[in-house]
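Novice: Questions regarding the structure given below will be posed in turn.
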Amino acid sequence: MGRRRIAIAVLAAGLAVGLAGCGARAVSGTASVAGAGSSAGTVAGTGSAAATSPSAPPGVNAAAVAWADKFCGTVLSLTDIAKVPFTPDMTTPQTAKASLTDFLTKASALFGTAVDGLHNLGAAPTPTGAELATKMAAALGDVKKSFDDGLASLQQADPNDPSGFQRAFQAAGESLGKIGSMKNPTEGITGDPTLEQAAAAAPNCQKVRGLDTSAAPTS
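So, in structure tokens, the structure goes:
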């Protein structure tokens with residue numbers, strides 16, 4: 002299970018790197034930006050970023066930089082799963098069920114929060130950003146659903162029924178394995194200079210740069 006926990010962090014890194022190809026070519030491994038929710042599919046007008054937003058270099062869209070920072074912050078939040086301690090307690094079927102239930106509950110909540118964050122980014126600075134947002138939110142929502150399905154199966158399992166419980170436990174564990182088969186939501190989306198510049202200037206996007214190496218297992 003430790004490897005599966007790491008896999009979620011690696012997923013976040015992989016999404017970030019994949020997004021880089023859509024708009025952050027000048028920053029190797031940096032995530033580009035997206036917005037989602039009620040504003041997905043719309044294009045933001047010009048205007049200054051909020052006072053708390055990161056400053057933008059001259060000639061760079063300040064609103065896009067602020068949005069990029071929020072998006073990359075959402076990507077970074079997925080790596081928090083690595084901070085959730087999970088060592089299956091296989092002492093009894095009851096303890097095994099409790100430990101996996103706890104982990105799946107936290108994993109589902111984490112991905113749910115990330116999806117909510119995408120829904121609250123605001124209008125995309127470009128049509129490409131809106132497309133990225135929609136696909137990203139849908140992809141993370143699918144991962145959350147796999148956790149929820151596994152959790153539902155596990156919660157219905159009776160620890161006093163060895164064969165039935167074993168099947169439910171395995172099904173719940175397999176829900177984590179689905180992360181590795183998740184399709185890159187940025188596939189087929191071409192580059193965008195506005196997103197490229199915004200990602201290069203956003204502090205959280207700079208933090209994302211090292212995820213592909215720091216999240217990888219060392220053994």
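For the sequence shown, my numbering begins at 2 and goes up steadily by one. Where is the CB? At the ideal position from N, CA and C, for every residue including glycine. Keep in mind it's a predicted model, so treat the numbers as computed, not measured.
Three or more C-beta pairs under 8 Å: does that hold for the region 130-141 against the region 152-170?
Specialist: Cβ pair count under 8 Å is below three, so no.
Novice: Quick one: residues in its chain with C-beta nearer than 6 Å to the C-beta of leucine 152, no 5 flanking neighbours on either side, listed in chain order?
Specialist: Closer than 6 Å at the Cβ level, and outside the excluded window around leucine 152, lie Leu105.
Novice: Would a C-beta distance cut-off of 8 Å place proline 89 and leucine 101 closer than the cut-off?
Specialist: Cβ distance < 8 Å, so proline 89 and leucine 101 count as in contact.
Novice: What's the gap between the Cα of alanine 99 and the Cα of serine 109?
Specialist: If I take the Cα positions, the gap works out to 15 Å.
Novice: Apart from the five residues on each side of it in sequence, which residues of its chain come closer than 7 Å, Cβ to Cβ, to threonine 195?
Specialist: Asn62, Ala65, Pro126, Thr127, listed in sequence order.
Novice: Under the three-state reduction of DSSP, which class applies to alanine 221: helix, strand or coil?
Specialist: In the structure as shown, the chain begins at 2 and stops at 220. Residue 221 is therefore absent and cannot be evaluated.
Novice: Do three or more CB pairs link the region 116-123 to the region 66-75 at distances below 8 Å?
Specialist: A contact exists between the region 116-123 and the region 66-75.
Novice: What residue from Asp149, Gly123, Ala69 has the CA that sits closest to lysine 107's CA?
Specialist: Cα-wise, what sits closest to lysine 107 is Asp149.
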